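Notes for the one structure printed next.
Number of protein chains: 2
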Amino acid sequence: MYETFKPVNRILMGPGPANVHPKVLEALSKPTLGHLDPQFIQLMEEIKALLQYTFKTNNEHTFVISGPGSLGMEASLVNMIEEGDKIIVCVGGYFSNRMAQIAEKVGGNVVLVKENWGRAISPEKLEDALKQNPDTKIVAFVHAETSTGALSDAKTLSKIAHNYNALVIADVVTSLGAVDLFVDDWNLDVVYSCSQKGLACVAGMSPISFSNAAVQHIKNRKTKIKSWFNDFNLLEPYWFGENKRAYHHTAPANQFYALHEALSILKEEGIENSWKRHKENSNKLISRLKDELNLEPIVPTNERIPHLLAIKVPDEIDEAKVRKDLLDKFNLEIGAGLGDLAGKVWRIGLMGYNSNEKMVDYCVDSLKKALNNV
Amino acid sequence: MYETFKPVNRILMGPGPANVHPKVLEALSKPTLGHLDPQFIQLMEEIKALLQYTFKTNNEHTFVISGPGSLGMEASLVNMIEEGDKIIVCVGGYFSNRMAQIAEKVGGNVVLVKENWGRAISPEKLEDALKQNPDTKIVAFVHAETSTGALSDAKTLSKIAHNYNALVIADVVTSLGAVDLFVDDWNLDVVYSCSQKGLACVAGMSPISFSNAAVQHIKNRKTKIKSWFNDFNLLEPYWFGENKRAYHHTAPANQFYALHEALSILKEEGIENSWKRHKENSNKLISRLKDELNLEPIVPTNERIPHLLAIKVPDEIDEAKVRKDLLDKFNLEIGAGLGDLAGKVWRIGLMGYNSNEKMVDYCVDSLKKALNNV
């Protein structure tokens, strides 16, 4: 007799996934519909509208890539870049570095604007790079760099890029739903995100949005898009075919139920309220970590992602042991450092459903006990 | 107040998704785990072993692509093909045509072996093509062509390909779990499938397996793989890293619970028993459709996918109206024809959890009533 897998009910306060709203888990297990069922088409319509609300955009081409956020990253880059196109990627962490890797893999002529890990991207550095590379077609950056906890000024970076006639790809994987984001007002041409962080949904979907300028850019390509699954021209009739939806792939229907539920809950709260809630709980967490444990984020106050903190590990502490203790004794997952910050920081997330005072208390209390044991 | 989406409990007897086993839906909504949680790593280990059982392979590199079957198709082709490589794609339907499209997009020099829609791929035609193209590196074909209902002789096609020193990519999207498939015995170098058909799971995952020869082929590439998300060299340490799993993407944890449950149920039944069950119920359905409604599959008996029938629509019948009636009045989804067969066939699937006598009866009875109404 086989055994059904019984996952522990972890408290997920790392960089994501965060805990999923119970109503979202409930929605997930509803009966499966076919991807061409009229009821499912209606669901897709509602998801598109809810995503427009969440992204603060009127972009018609707002939909979902049926895979994790990193597939959304690849979809953005492979559609926007033609072989040899110059693209500036602002790199100040693990995920912006991934953008640069993908941009190169899909044929881009990549110019890096390097920033220190843990700092927001410097607008001046971007402007310098654009001056030196006036043939730049695209500027790409990460809004909230999950690996470092740094939040860049997407509005200013986008303005500079457009001043030099470049289009903008912004990774909003960690920002969507949790911190101020205005896709239209900030003129972000392509944005993509994930489902398992600010949206309090299960992992596996990548909300994405293309401005009219981005769509025109894709339509004017001279070469074929080097992916079939992510090809915008094939996804368009699947998500937006007017009289009849063209078949593309079999949608993960149950995942879409979950996303619909998560977005509906967010809309009911009001996105500005969600942003406010994330900031308030984050401030409580930061204060208590400082006051009671003398722990501090590595990122300066005004460059910080509110809901994802990279906390400096004190010199004498074995950071991996603390994480293991938290997991084993307190059922609490926090994140390790990635790349340049491996071993140097803990990453603590208060995202989506988890952004509440009870979680702040649980995190501080557990960390206190774990640190006393070291 | 928002409204939670309430999907109708459809009976899904099209080409997939099929109805999901209730225990699988239950597993789906268990609490989310982080993708680096020791318990989750253990789950991944069990999934790999269960997939080896299901594929009938000892291939070490047997795992899951975190996206639908068509992403598995792209992953197979983008890893195996280098710019300019000659690849023979046997095309006798919509999905094998998609293989050819993707092979071209990722840089392959594609040679087509064309077969009539509704027929198994002719081994003689493949052999002729290989004689004319001795520099062929890869032969790709679809085992069970979902668009036509034709089942090709994967064993013979693979043998011929290897006689000419080509490696084999076989699409087993519709065959896995439902009809005889021996990945090792048939020497299939790369196989990929989906989750929502023979496995009775939700859509959104693509089980995949690479032989040692395929892995060597990838390791010997002279050029970079043109995808990051599907790059075998990055997926390998994520799924197989010995001391520590390398982070790649955030796994859709809840989907993996569902897949684990579905594969466990299949193993408990025994895969040979599942194959037998699919054949028996299919035979019942074929007999009743013929005897009571004079309806017949377009595919000759010995070339037929047992569990997915393309049924010829009688000349005088409005096929779309029948499908709409079945959906509206009997809550039953069957499939339309795709591509060359659009308007000419219905596609009826008895897959996974749905392959049972009750479903046979419900399908025939509903179809009878719907046809009487036309």
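One line per chain: the protein sequences are A and B, in this order.
Once you know that position 135 of the first sequence is 135 in UniProt numbering, the rest is easy, because the numbers rise by one and skip nothing.
Once you know that position 23 of the second sequence is 23 in UniProt numbering, the rest is easy, because the numbers rise by one and skip nothing.
Every residue, glycine too, gets a C-beta built ideally from N, C-alpha and C.
Quick caveat: nothing in here was measured; it's all calculated off a predicted structure.
*Taking only beta carbons into account, state which residues of the region 250–267 of chain B come closer than 7 Å to chain A, listed in chain order.*
The residues in question are T250, A251, P252, A253, N254, Q255, Y257, H260, E261, S264, K267.
_Just list the residues that DSSP pairs D171/B with in beta bridges._
Counted from its first residue, the second sequence places residue 171/B at position 171. Bridge partners of D171/B: V142/B, Y192/B.
*Report the neighbours of Q196/A on chain B: residues whose CB is nearer than 9 Å to its CB, in chain order.*
If you number the first sequence from 1, residue 196/A lands on position 196. Per Cβ cutoff of 9 Å: T32, T250, P252, A253.
*Can you tell me which of the three DSSP states S206/A falls into?*
Here residue 206/A refers to the residue found at position 206 when the first sequence is read from its first residue. Three-state DSSP puts S206/A in a strand.
*Please name the residue in L263/A, R221/A, P300/A, K56/A whose C-alpha comes closest to that of R119/A.*
If you number the first sequence from 1, residue 119/A lands on position 119. It is P300/A whose Cα lies nearest to the Cα of R119/A.
*asked:* Whole angstroms are fine: how far does the CA of K137/A sit from the CA of K222/A?
replied: Working through the first sequence from its first residue, we reach residue 222/A at position 222. Working through the first sequence from its first residue, we reach residue 137/A at position 137. The straight-line gap from Cα to Cα measures roughly 14 Å.
_Can you tell me whether N373/A is helix, strand or coil according to DSSP?_
Taking the first residue of the first sequence as 1, we reach residue 373/A at position 373. The answer is helix: DSSP assigns N373/A an H, G or I state.
_As a quick exercise: from N59/B, L71/B, G92/B, S366/B, pick the residue whose alpha carbon is nearest that of L341/B._
In the second sequence, residue 341/B corresponds to position 341, counting from 1. Comparing C-alpha distances from L341/B to each of N59/B, L71/B, G92/B, S366/B shows the shortest one belongs to G92/B.
*Label A154/A either buried or exposed according to how many other C-beta atoms from any shown protein chain fall within 10 Å of its C-beta, with 16 as the threshold for buried.*
In the first sequence, the residue the question calls residue 154/A occupies position 154. Its Cβ being crowded by 16 or more others within 10 Å, A154/A is buried.
*How far does the beta strand (DSSP E) with G349/A in it reach, from first residue to last?*
By 1-based counting over the first sequence, the position of residue 349/A is 349. G349/A -> beta strand (DSSP E) spans 345–349.
*N9/B touches chain A at which residues, Cβ-Cβ below 7 Å?*
Taking the second sequence and counting its residues from 1, the one referred to as residue 9/B is at position 9. The contacting residues are P31.
*asked:* I'd like to know if the region 123–132 of chain B and the region 161–170 of chain B are in contact, where contact means that at least 3 CB-CB pairs between them fall below 8 Å.
replied: These segments touch.
*Does the beta-carbon distance from L25/A to S29/B come in below 9 Å?*
For this step, residue 25/A is matched to residue 25 along the first sequence. For this step, residue 29/B is matched to residue 29 along the second sequence. Going by C-beta atoms, L25/A is nearer than 9 Å to S29/B.
*Which word fits E45/A, buried or exposed, when buried means at least 16 other C-beta atoms lie within 10 angstroms of its C-beta?*
Translated into the one-based positions of the first sequence, residue 45/A becomes position 45. When all chains shown are included, E45/A counts as exposed.
*State whether the region 33–44 of chain A contacts the region 212–220 of chain B, with contact taken as three or more CB pairs (one from each stretch) at a distance under 8 Å.*
At 8 Å Cβ cutoff, the stretches do not touch.
*By the 10 Å Cβ neighbour count, where 16 or more other Cβ atoms means buried, how is A258/A classified, buried or exposed?*
The residue given as residue 258/A occupies position 258 in the first sequence. Buried is the call here.
*Where do the ends of the beta strand (DSSP E) carrying V8/A lie?*
Position 8 of the first sequence, counting from 1, holds the residue named residue 8/A. That residue, V8/A, is in no beta strand (DSSP E); it is neither H nor E in DSSP.
*Taking a Cβ distance cut-off of 9 Å, strictly less, list which residues of the region 219–236 of chain A are near chain B, in chain order.*
K224, I225, K226, S227, W228, F229, N230, D231
*asked:* Less than 8 Å between C-beta atoms, sequence neighbours within five positions excluded: which residues of the same chain meet that for L326/A?
replied: For this step, residue 326/A is matched to residue 326 along the first sequence. L332, E333, I334, S366, L367, A370, listed in sequence order.
*Distance, Cα to Cα, S211/A vs T174/A?*
Residue mapping note: residue 211/A aligns to position 211 of the first sequence, counting from 1. Residue mapping note: residue 174/A aligns to position 174 of the first sequence, counting from 1. Near 20 Å, if we compare the C-alpha coordinates of T174/A and S211/A.
*Between the C-alpha atoms of E269/A and P7/A, what's the straight-line distance to the nearest angstrom?*
As a position in the first sequence, residue 269/A is number 269, starting the count at 1. As a position in the first sequence, residue 7/A is number 7, starting the count at 1. Near 29 Å, if we compare the C-alpha coordinates of P7/A and E269/A.
_Determine, for A203/A, whether the minimum Cβ-Cβ distance to residues of chain B falls below 9 Å._
The residue given as residue 203/A occupies position 203 in the first sequence. Yes, its Cβ sits closer than 9 Å to a Cβ of chain B.
*Please list, in chain order, all residues of the same chain as E261/A whose beta carbon is under 6 Å from its beta carbon, the five residues on each side excluded.*
The count along the first sequence starts at 1 and reaches residue 261/A at position 261. Cβ neighbours of E261/A beyond the five flanking positions: K23, V24, A27.
_Quick check: what's the CA-CA separation for A213/A versus Y192/A?_
As a first step, residue 213/A must be located in the first sequence, where it is residue number 213. As a first step, residue 192/A must be located in the first sequence, where it is residue number 192. Each residue's Cα considered, the two are about 16 Å apart.
*For K114/B, I'd like the list of residues in its chain whose CB is within less than 6 Å of its CB, leaving aside the five on either flank, ordered along the chain.*
Here residue 114/B refers to the residue found at position 114 of the second sequence. So the list reads V91, once near-sequence residues are dropped.
*Can you grab the Cα-Cα spacing for the pair A49/B / L12/A, in whole Å?*
Here residue 49/B refers to the residue found at position 49 of the second sequence. Here residue 12/A refers to the residue found at position 12 of the first sequence. Those two C-alpha atoms are separated by around 28 Å.
*Locate the beta strand (DSSP E) running through L50/B, then write down its first and last residues.*
Sequence index remark: in the second sequence, residue 50/B carries index 50 (1-based). It is not in any beta strand (DSSP E) - L50/B instead sits in the alpha helix (DSSP H) that spans 38–55.
*asked:* Determine whether the beta carbon atoms of G69/A and A310/A lie at a separation below 9 Å.
replied: Position 69 of the first sequence, counting from 1, holds the residue named residue 69/A. Position 310 of the first sequence, counting from 1, holds the residue named residue 310/A. When the beta-carbon positions are compared, G69/A and A310/A stay at least 9 Å from each other.
_For I271/B, report the span of its alpha helix (DSSP H) as first-last._
What you label residue 271/B is simply residue 271 of the second sequence in a count that begins at 1. Run containing I271/B: 271–293, per the alpha helix (DSSP H) assignment.
*Verify the CB distance criterion: does V20/A have a CB-CB separation below 9 Å to chain B?*
By one-based count along the first sequence, residue 20/A stands at place 20. Answer yes: the Cβ-Cβ gap between V20/A and chain B drops below 9 Å somewhere.
*Could you check where the alpha helix (DSSP H) with L176/B kicks off and where it finishes?*
As a working mapping, residue 176/B is identified with position 176 in the second sequence. It is not in any alpha helix (DSSP H) - L176/B carries neither H nor E in the DSSP assignment.
*Between M80/A and D171/A, which are expected to be in contact by the criterion C-beta below 8 Å, what is the C-beta distance as a whole number of angstroms?*
As a first step, residue 80/A is located in the first sequence; it is residue number 80 there, counting from the start. As a first step, residue 171/A is located in the first sequence; it is residue number 171 there, counting from the start. Actually they do not touch by this definition, with Cβ atoms about 13 Å apart.
*Starting from the C-beta of P306/B, find all residues in its chain whose C-beta is less than 7 Å away, skip the five residues before and the five after it, and write them out in chain order.*
By one-based count along the second sequence, residue 306/B stands at place 306. For P306/B, where only same-chain residues beyond five positions count, the Cβ hits under 7 Å are V179, H278, K279, S282.
*Figure out for me which residue from T156/B, A336/B, L77/B, G84/B has the closest Cα to the Cα of S308/B.*
What you label residue 308/B is simply residue 308 of the second sequence in a count that begins at 1. First, the residue type needs correcting, since residue 308/B is Leu and not Ser in the sequence shown. If we check each option's Cα against that of L308/B, A336/B comes out closest.
_Nearest-angstrom Cα separation, counted from G339/B out to K244/A_ = Along the first sequence, one-based indexing puts residue 244/A at 244. Along the second sequence, one-based indexing puts residue 339/B at 339. Rounded to the nearest angstrom, the two C-alpha atoms are 14 Å apart.
_Residue-chain proximity (residue 436/B, chain A), Cβ-Cβ < 9 Å_ = Because chain B spans 1 through 374 in this model, residue 436/B falls outside it and cannot be assessed.
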